[in-house]
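Numbering (our numbering), first residue to last: 35 to 453.
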């Protein structure tokens, strides 16, 4: 069986290698960070291998350098991101310790500041050892995906851990205050995990219709109680979401639940808060069958079917970018001269022609299709940019290009074994 060169890309993100040509069709799994920046505006840069000194970079970086970190023992993801942010980087790439990635990297703790504008990605180690390690110049870009609709559909998914969910709930409250979102474009869901061997069925799971719904326990509570608390909130939501009760009542319930029960995970505490808001009907376990199963321990948003793991800081901007006709509550943070609807149009607008606005998602940097200004004189002869100095030595450039393609296509098994 032939080894397939292509592997799946991170679901909601676009990490594209522009140069050299021989890597431009390489796709692979990407881990994302639930801290820092989601990368809503395109970033481009040269991937550069770096070393650390006590979990800190050893020099400053321009915004068009993507530091690639191979080894980071005893370093927290979020602390690494912050150190590279204050060193000038806009995006860092962590090479995983093996051939899998942490699909969602969570911060050291959710109370730490999260206002640093840097994207943190993780790639499988084999991508470095089998591909990246053989090139001196690799240029890439990154953008988090956006789907636009007339009125964005907003979904809040809670983890059941109050200290984590607090910021996500506050984000929805801010969104309601500005855009007056209604039941018709809001949905509430809860997160659960599948049973795994390091869980206790009796302590960390509940059973319903022969299925396990689990959550990891904490020092304050076992997993089954966390799940039951979430089901109670879901049951309350289900009872009022189709009624004349305003959405703000449910949001105020969630805020009060966090405030009063964050140090008391008992079901009786959450039941007391639900009763204060008029809900006394108990837990509807049948609702579990339509909920979200993911092997992560964080809340998140889903806007127009795209998942966003970043909490309240970015939600308003995500909402505005996801709207075909942003209203007056949308004030573009990247540049006052750039309108949200222009960002993802595929057309270069002067007001959006800046690094903060992603150069109209790179449209302002495109010379011809798939050839960008930053690819010129980068040390690689790229087929889309033939009229440049890197392609003057056609013999050498063409030979290298053909050789790499032939190795990838004709001897894929050999590549795998050598690695």
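Every residue gets a Cβ at the ideal spot worked out from N, C-alpha and C, and that includes glycine.
Confirm, please, whether the CB-CB distance from residue j to residue i is below 8 Å.
i	j	result
residue 248	residue 262	no
residue 75	residue 391	yes
residue 153	residue 116	no
residue 418	residue 404	yes
residue 52	residue 406	yes
residue 64	residue 135	yes
residue 356	residue 182	yes
residue 360	residue 368	no
residue 173	residue 78	yes
residue 231	residue 189	no
residue 180	residue 387	no
residue 111	residue 89	no
residue 73	residue 96	no
residue 284	residue 191	no
residue 454	residue 270	Given that the chain is displayed from residue 35 to residue 453, the structure contains no residue 454 and the question cannot be resolved.
residue 210	residue 291	no
residue 205	residue 345	yes
residue 358	residue 184	yes
residue 59	residue 165	no
residue 313	residue 277	no
residue 82	residue 100	yes
residue 268	residue 224	yes
residue 186	residue 219	yes
State buried or exposed for residue i, treating a residue as buried only when at least 16 other CB atoms are found within 10 Å of its CB.
i	result
residue 322	buried
residue 93	exposed
residue 423	exposed
residue 55	buried
residue 308	buried
residue 432	Because the pLDDT at residue 432 is just 41, under 50, the model does not fix this residue reliably, and the value given afterwards should be weighed accordingly. Residue 432 should be labelled exposed.
residue 49	buried
residue 47	buried
residue 402	exposed
residue 124	buried
residue 108	exposed
residue 376	buried
residue 264	buried
residue 429	With a pLDDT of only 48 at residue 429, under 50, the local geometry of the prediction cannot be trusted, and no value is derived from it.
residue 168	exposed
residue 384	exposed
Hey, is residue i's beta-carbon within less than 8 Å of any beta-carbon in chain C?
i	result
residue 114	In the structure shown, chain C does not exist; there is a single protein chain.
Quick check on DSSP: helix, strand or coil for residue i?
i	result
residue 51	strand
residue 57	helix
residue 41	Note that residue 41 scores a pLDDT of 30, beneath 50, so its modelled location is shaky and nothing firm can be said.
residue 102	strand
residue 192	strand
residue 431	With a pLDDT of only 43 at residue 431, under the threshold of 50, the placement of this residue in the model should not be trusted, and no figure is reported.
residue 89	coil
residue 275	coil
residue 6	The question about residue 6 has no answer here: the residues shown for the chain are numbered 35 through 453.
residue 68	coil
residue 180	coil
residue 405	strand
residue 80	strand
residue 309	helix
residue 260	helix
residue 400	strand
residue 74	coil
residue 286	helix
residue 187	coil
residue 418	helix
Name the residue from the options whose alpha carbon lies nearest to the alpha carbon of residue i.
i	options	result
residue 380	211, 193, 396	396
residue 234	115, 207, 256, 65	256
residue 318	326, 297, 266, 331	266
residue 302	259, 375, 236	259
residue 170	80, 344, 106, 149	80
residue 151	281, 67, 311	67
residue 202	118, 347, 383	347
residue 85	127, 72, 69, 58	127
residue 197	244, 253, 370	253
residue 331	142, 268, 389	142
residue 338	352, 329, 412	352
residue 194	214, 217, 140, 251	251
residue 212	411, 362, 371, 336	362
residue 342	113, 137, 410, 98	137
residue 327	398, 315, 305, 226	226
residue 415	425, 409, 100	425
residue 214	296, 411, 364, 298	364
residue 159	244, 149, 133	133
* Continuous alpha helix (DSSP H) assignments of at least 4 residues falling wholly in the segment 110-174 -> The segment 110-174 contains these whole alpha helix (DSSP H) runs: 111-120, 159-164.
* Can you list the beta strand (DSSP E) stretches of 3 or more residues lying completely in the segment 329-384, in chain order? -> If only complete runs of 3 or more residues are kept, the segment 329-384 shows the beta strand (DSSP E) at 334-337, 340-342, in order along the chain.
* Taking only runs of the alpha helix (DSSP H) that begin and end inside the segment 200-254, which ones reach a length of at least 4 residues, in chain order? -> Segments of the alpha helix (DSSP H) lying fully in the segment 200-254: 235-238.
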